[in-house]
Amino acid sequence: MTGADGQDDVLIEPALSDLAHRWVAAVRQTSYLDIGAEALRARFDDFVVRLAEVLRAEPFDPEPAAAVGGALIEVGLSSPEALQRTIAVLAGLPAAADGKPDDDRIGAILGAVAAGFTRTGRQRVLDDQERIRRAWARALTDAEHSLQLELHHQAHHDPLTGLPNRVLLYRHLTDTLSAAGEGERIGVCFLDLDEFKTINDTLGHGSGDRLLVALADRLRACVNGAGHLVARVGGDEFVVVVRDSSGPGQLTELAEAMLAELSKPVRLDGHELAVSASIGIVEQPCLGAEPEELLRAADATLYLAKEEGRARYALFDVKRNAQQVLRYGLTGRLAGALDRGEFELVYQPLVVLADNRLRGAEALLRWRHPDLGTVSPNTFIPVAEQSGMIHPLGRWVLRESCRVAADWQRAHPDTPLLISVNVSPRQCTDPRLLDDVRHALADTGLDPTNLQLELTETVLMQSTGRPVQTLRTIADLGVRIVIDDFGIGYSNLAYLRHLPVHGLKLAGAFMAGIRSLASDHVDEQIVETVIRLAHTLQMTVTAEGIETADQAARLAALGCDLGQGWHFGRPVTPAEIPTR
Numbered sequence: 001m002t003g004a005d006g007q008d009d010v011l012i013e014p015a016l017s018d019l020a021h022r023w024v025a026a027v028r029q030t031s032y033l034d035i036g037a038e039a040l041r042a043r044f045d046d047f048v049v050r051l052a053e054v055l056r057a058e059p060f061d062p063e064p065a066a067a068v069g070g071a072l073i074e075v076g077l078s079s080p081e082a083l084q085r086t087i088a089v090l091a092g093l094p095a096a097a098d099g100k101p102d103d104d105r106i107g108a109i110l111g112a113v114a115a116g117f118t119r120t121g122r123q124r125v126l127d128d129q130e131r132i133r134r135a136w137a138r139a140l141t142d143a144e145h146s147l148q149l150e151l152h153h154q155a156h157h158d159p160l161t162g163l164p165n166r167v168l169l170y171r172h173l174t175d176t177l178s179a180a181g182e183g184e185r186i187g188v189c190f191l192d193l194d195e196f197k198t199i200n201d202t203l204g205h206g207s208g209d210r211l212l213v214a215l216a217d218r219l220r221a222c223v224n225g226a227g228h229l230v231a232r233v234g235g236d237e238f239v240v241v242v243r244d245s246s247g248p249g250q251l252t253e254l255a256e257a258m259l260a261e262l263s264k265p266v267r268l269d270g271h272e273l274a275v276s277a278s279i280g281i282v283e284q285p286c287l288g289a290e291p292e293e294l295l296r297a298a299d300a301t302l303y304l305a306k307e308e309g310r311a312r313y314a315l316f317d318v319k320r321n322a323q324q325v326l327r328y329g330l331t332g333r334l335a336g337a338l339d340r341g342e343f344e345l346v347y348q349p350l351v352v353l354a355d356n357r358l359r360g361a362e363a364l365l366r367w368r369h370p371d372l373g374t375v376s377p378n379t380f381i382p383v384a385e386q387s388g389m390i391h392p393l394g395r396w397v398l399r400e401s402c403r404v405a406a407d408w409q410r411a412h413p414d415t416p417l418l419i420s421v422n423v424s425p426r427q428c429t430d431p432r433l434l435d436d437v438r439h440a441l442a443d444t445g446l447d448p449t450n451l452q453l454e455l456t457e458t459v460l461m462q463s464t465g466r467p468v469q470t471l472r473t474i475a476d477l478g479v480r481i482v483i484d485d486f487g488i489g490y491s492n493l494a495y496l497r498h499l500p501v502h503g504l505k506l507a508g509a510f511m512a513g514i515r516s517l518a519s520d521h522v523d524e525q526i527v528e529t530v531i532r533l534a535h536t537l538q539m540t541v542t543a544e545g546i547e548t549a550d551q552a553a554r555l556a557a558l559g560c561d562l563g564q565g566w567h568f569g570r571p572v573t574p575a576e577i578p579t580r
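Each step along the sequence shown adds one to the number in UniProt numbering, with nothing skipped, and position 446 is 446.
Below is the structure:
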């Protein structure tokens, strides 16, 4: 079967087709593409089918995936952002292909795609340079001189805005770093317009192009006037190079000027448009710097600015960048970590403070990474949330926790274990949460009254409509709902009375005034007030972070119901949970 673009249509499985659709949506605005929507979709359908074949092939050989990475360059997707978004989407390939890759298959495939993308991108730059050289060689007469100049300009400038393009940017960076003297510094600003896709979608690409031209003129006046270079490197992406920088202050001053200039309204086709931008800044000594690394670091910092609220700039920070690189690397590994058995649960006892009886345990997730060792939940949970892996991971945690509690209940019928499971913000809005709870209880045989779900205060207070109804239905099953880290968010007990909440878990900050007898007792009075109000609303109160017997006794005297902390026990395996 032949499509409108002359290519044979690809027969593709629905799940793979959906992955291809998400891939196109993620990358299409990262570069200026001269290809129709149908033709672009057909190419990505083909890419996904080829990658699925690599994933399923025996013997496994990831190298053909490099051709897909190179093909992205051929389509016109040459920006670092296009590769970053590609890797994030393709982390879901195993699920879409319904395969279970051994060990690092998906990681190897993602690495091959990135390698092919990088090789082809470098070769494209070299090819462009070679074509320029040949064009110059042909310009042998005075009559051809004007053609020489035109070819040179076209090869080094963006046809829409007239700004230097990526080829000229790389050459300028390379020349600047090579010619830099001892002690000289360089600055790079990576700029991206916020929500530019919305303008294209609502007013059309023609209007979007005219807006880009107007904004490029503003940048040119702002940047070139100060003696710096500004280049357009993608659809709505620009890079500014400041040679012989005097320090970060010069870069932040320039960034503020650019943000102010771009924020001025633009009259276009009868509309007055207000545009904001985000900027990532890198400023460092020229010695040892590489063009690609400078651009990569500035691009990564740009996304920190976007995460912080957009319409702002962010300065490159070595520690934050290392964390971002780690999180990025974990995305591909996460996809198969659950199948490889790299996750495990440990359990920290929950104790009745009045008589030190075991009441239950909180399930805590650990990732035993084969190369990195134990990865902190603070590191991998945000990655799982962003990639969507939190859903299968959360279901596994829920089911495994219920299984352990059910086994305990059968082994110790006189001491039923209340198992407490954390529910992430993204899980709270998942319409499948109710079914997940029902299936976990039915499959393991756990009594619903022995299951407790912990939600953060902010998430619960912001939940309305369907999420709240889901929680009410879960509570009607007999499952307890508890607010974790209570006191750091809204702290609105009056509002809580209308929600399906059975208990509060005090934020660790409240324990500060109960850690020693020498405290001024203000925190103790606050805790006592919260306990009294919670009991009025027929809610239990749990204190975590209890480290000493004196602390436990003081909390018990205040009427606190349950306690958790190193005084009662550190997180342990199911076999090590105390029996009393």
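Quick reminder that beta carbons are idealized off the backbone N, C-alpha and C, glycines included.
These numbers come from a predicted model, not from an experiment.
### Query
Measuring CB to CB, does R43 end up less than 7 Å from V68?
no
### Task
Would you mind sorting A143 into buried or exposed? The rule is 16 or more other CB atoms within 10 Å of its CB.
In this prediction, A143 has a pLDDT of 48, which is less than 50 and means its spatial position is unreliable; nothing more can be read from the coordinates.
### Query
Mind checking T331: buried by the 16 CB within 10 Å criterion, or exposed?
buried
### Message
Count Cβ pairs between the region 333-351 and the region 365-384 that sit closer than 8 Å; are there 3 or more?
### Response
Touching, yes.
### Query
Going straight from the alpha carbon of L177 to that of S79, what length do you get?
L177 and S79 have their C-alpha atoms some 22 Å from each other.
### L294 and V282 closer than 7 Å at C-beta
yes
### Query
Can G478 and T444 be called in contact, C-beta distance under 7 Å?
Taking C-beta atoms as the reference points, G478 and T444 fail to come closer than 7 Å.
### Task
Using 10 angstroms around the beta-carbon of D561, count the other beta-carbons present and answer buried if the total reaches 16, otherwise exposed.
buried
### Task
Pull up the DSSP beta-bridge partners for L364, would you.
V346
### Task
Using 10 angstroms around the beta-carbon of R333, count the other beta-carbons present and answer buried if the total reaches 16, otherwise exposed.
buried
### Task
Could you spell out where the beta strand (DSSP E) holding N422 opens and where it closes?
N422: member of the beta strand (DSSP E) spanning L418 to N422, first to last residue.
### Message
Applying the 10 Å Cβ sphere with the 16-neighbour rule, what's the burial state of N165?
### Response
Buried is the label assigned to N165, since at least 16 other Cβ atoms lie within 10 Å of its Cβ.
### Query
Would DSSP call H228 helix, strand or coil?
coil
### Task
Please name the residue in L504, V527, G503 and H502 whose C-alpha comes closest to that of F510.
V527
### Message
Let me confirm a value: S263 is counted as buried when at least 16 other C-beta atoms fall within 10 Å, else exposed. Which label applies?
### Response
exposed
### Query
What are the boundary residues of the alpha helix (DSSP H) that K306 is part of?
P291 to E307
### Query
Taking Cβ positions, are G360 and L418 nearer each other than 7 Å?
yes
### Message
Taking DSSP's pairing of strands, which residues face L151 in a bridge?
### Response
L151 pairs with nothing; no bridge assigned.
#### Entry: T536 versus A507 - alpha carbon distance
20 Å
### Query
Where do the N-terminal and C-terminal ends of the alpha helix (DSSP H) with F196 fall, by residue?
First-last of the alpha helix (DSSP H) with F196: F196 to L203.
### Message
In chain order, what are the residue ranges of uninterrupted alpha helix (DSSP H) at least 4 long that sit wholly in the region 228-292?
### Response
248-262
### Message
With a threshold of 7 Å on Cβ separation, who are the neighbours of V397 within its own chain once the five nearest residues in sequence on each side are excluded?
### Response
L345, A363, L365 and V421
### Message
Comparing C-alpha positions only, which one of L212, S245 and M258 sits nearest to R267?
### Response
Per the Cα distances, L212.
### Task
For G225, I'd like the list of residues in its chain whose CB is within less than 8 Å of its CB, leaving aside the five on either flank, ordered along the chain.
none
### Cβ shell of A91 (< 6 Å), same chain only, five flanking positions each side left out
T331, G332, A335 and S387
### Task
Enumerate in chain order the residues of its own chain whose CB-to-CB distance from Y27 is below 7 Å, with the five nearest sequence positions on each side excluded.
Note that residue 27 corresponds to Val in the displayed sequence, not to Tyr. Around V27: L77, A82, R85 and T86.
### Query
Can you give the beta carbon distance from V230 to V223, rounded, assuming they're within the 8 Å contact cut?
4 Å
### CB contact flag (Y313, A255, <7 Å)
yes
### Message
Considering only their Cβ atoms, is the gap separating A37 from A115 smaller than 7 Å?
### Response
no
### Nearest to V275 (by Cα), restricted to the options M258, G563 and D18
M258
### Query
Under three-state DSSP, which class holds F60?
coil
### Query
Cα separation between G373 and Y32?
42 Å
### Query
Could you check where the beta strand (DSSP E) with D561 kicks off and where it finishes?
No beta strand (DSSP E) holds D561; DSSP gives it neither H nor E.
### Query
Which one or two residues does DSSP pair with V572 in a beta bridge?
Paired residue(s): Y347.
### Task
Find out if the Cβ-Cβ distance for the pair V541, L504 is shorter than 7 Å.
yes
#### Entry: Where V522 falls, given that 16 or more other Cβ within 10 Å makes a residue buried
exposed
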